[in-house]
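Worksheet for the structure shown next.
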Amino acid sequence: DIQGFVFDLDGVITDTARLHSQAWRHIAEQVGTPWSQKLQDSLKGISRMESLELILQAGNREHDFTDAQKQELATAKNKEYLRLVEQLTPADILPGVSDFLRDLYNHEYRMAIASASKNAPTVLEHLGIARYFHNVVDPSTLKHGKPDPEIFTKAAALINLDPQVCIGVEDAAAGVAGINAAGETSIGIGDPQVLSAADINFTSTEQLSLANIRHAMRQPVA
Ligand code: G16
Ligand code: MG
Numbered sequence: 512d513i514q515g516f517v518f519d520l521d522g523v524i525t526d527t528a529r530l531h532s533q534a535w536r537h538i539a540e541q542v543g544t545p546w547s548q549k550l551q552d553s554l555k556g557i558s559r560m561e562s563l564e565l566i567l568q569a570g571n572r573e574h575d576f577t578d579a580q581k582q583e584l585a586t587a588k589n590k591e592y593l594r595l596v597e598q599l600t601p602a603d604i605l606p607g608v609s610d611f612l613r614d615l616y617n618h619e620y621r622m623a624i625a626s627a628s629k630n631a632p633t634v635l636e637h638l639g640i641a642r643y644f645h646n647v648v649d650p651s652t653l654k655h656g657k658p659d660p661e662i663f664t665k666a667a668a669l670i671n672l673d674p675q676v677c678i679g680v681e682d683a684a685a686g687v688a689g690i691n692a693a694g695e696t697s698i699g700i701g702d703p704q705v706l707s708a709a710d711i712n713f714t715s716t717e718q719l720s721l722a723n724i725r726h727a728m729r730q731p732v733a
């Protein structure tokens with residue numbers, strides 16, 4: 512029986528991608544590398560320093576900066592990102608997510624966040640939902656990013672559960688792959704063709720409910 516839920520943050524709980532993009536765009540302008548939708552999409556779920564490398568590569572500028580200068584650029588991006596995060600409110604929670612989290616909490620499921628973002632705790636505070644989560648994985652403690660299962664394995668361990676009794680919720684194919692490799696049940700939010708590896712597919716966060724999950728699993732969740 513399912514006892515816990517592990518959530519990705521960006522694209523599942525809220526849309527932080529637009530804020531990351533806004534902040535990275537300024538850095539791209541500053542270093543003179545071109546911005547494109549494709550570049551923007553490639554940054555989803557990728558760590559801060561890896562994102563910077565992709566942006567520099569897009570303008571063939573990856574060898575033009577010292578490590579110290581790259582650190583400065585990443586710090587500047589984060590400062591801008593945090594300024595944007597300050598403006599987040601509960602209204603920025605994706606549709607259906609607040610009710611679902613409250614329902615899980617009332618049913619005493621254990622809940623954790625598995626996000627590549629070091630700013631996840633700050634984002635949760637601004638959204639007003641930090642209290643629902645028993646734990647947030649600190650991505651700086653990880654050796655591998657998604658699709659490696661490490662972040663999902665760690666999330667289950669932090670809420671004292673075996674992966675087999677956890678459901679992971681993701682909007683990215685790499686995340687779904689990580690959940691599956693961790694031995695958890697996966698819910699993919701988004702295009703079911705892109706997320707065909709997921710055990711359960713929902714096209715929108717609005718479909719997140721215990722009733723829908725029970726129906727999809729055809730067995731009692733509680
Ligand atoms: C998120 C975003 C990525 C971002 C990463 C690191 O991942 O999707 O674009 O680069 O976090 O964020 P930070 O610079 O705040 O540490 P996720 O796993 O929540 O989708
Ligand atoms: Mg995501």
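Those letters in the sequence shown? Residues 512 to 733, per our numbering, in order.
Where is the CB? At the ideal position from N, CA and C, for every residue including glycine.
If you're wondering where the values come from, they're calculated on a predicted model, not measured in any experiment.
If you keep only unbroken alpha helix (DSSP H) runs of at least 4 residues inside the region 640–721, you get 661–669 and 684–693. In chain order, the residues positioned with their C-beta nearer than 7 Å to some heavy atom of the ligand MG are Asp519, Leu520, Asp521, Gly522, Val523, Lys555, Gly556, Glu681, Asp682, Ala683 and Gly686. Going by beta carbons, Ile624 and Leu530 fall outside the 8 Å limit. Contact check for Gly694 and Ala709: beta-carbon distance about 14 Å, past the 8 Å limit, so the pair fails to qualify. Between Gly607 and the set Ile524, His726, Gln704 and Val517, the nearest pair of CA atoms involves Ile524. Using a cutoff of 7 Å, the CB of Tyr592 counts as near the ligand G16, since one of the ligand's heavy atoms is closer than that.
Proximity of the beta carbon of Arg572 to the ligand G16 is not indicated: no heavy atom of the ligand is located closer than 7 Å. Apart from sequence neighbours up to five positions away, the residues of its chain that approach Pro658 with a beta-carbon distance below 6 Å are Ala685, Ala688 and Gly689, ordered along the chain. Residues of the same chain with a CB within less than 7 Å of the CB of Arg536, apart from the 5 flanking positions on each side, are Trp546 in chain order. A direct Cα-Cα distance of roughly 26 Å separates Tyr616 from Ala692. Residue pairing from DSSP places Arg621 in a beta bridge opposite Gly515. For the 8 Å CB-CB criterion, His645 and Arg621 form a contact. With 16 or more other CB atoms across the displayed protein chains lying within 10 angstroms of its CB, Asp682 is buried. For Lys581, the enclosing alpha helix (DSSP H) has its first and last residue at Asp578 to Val596. Fewer than three Cβ pairs drawn from the region 704–718 and the region 541–559 lie within less than 8 Å of each other, which leaves the two stretches out of contact.
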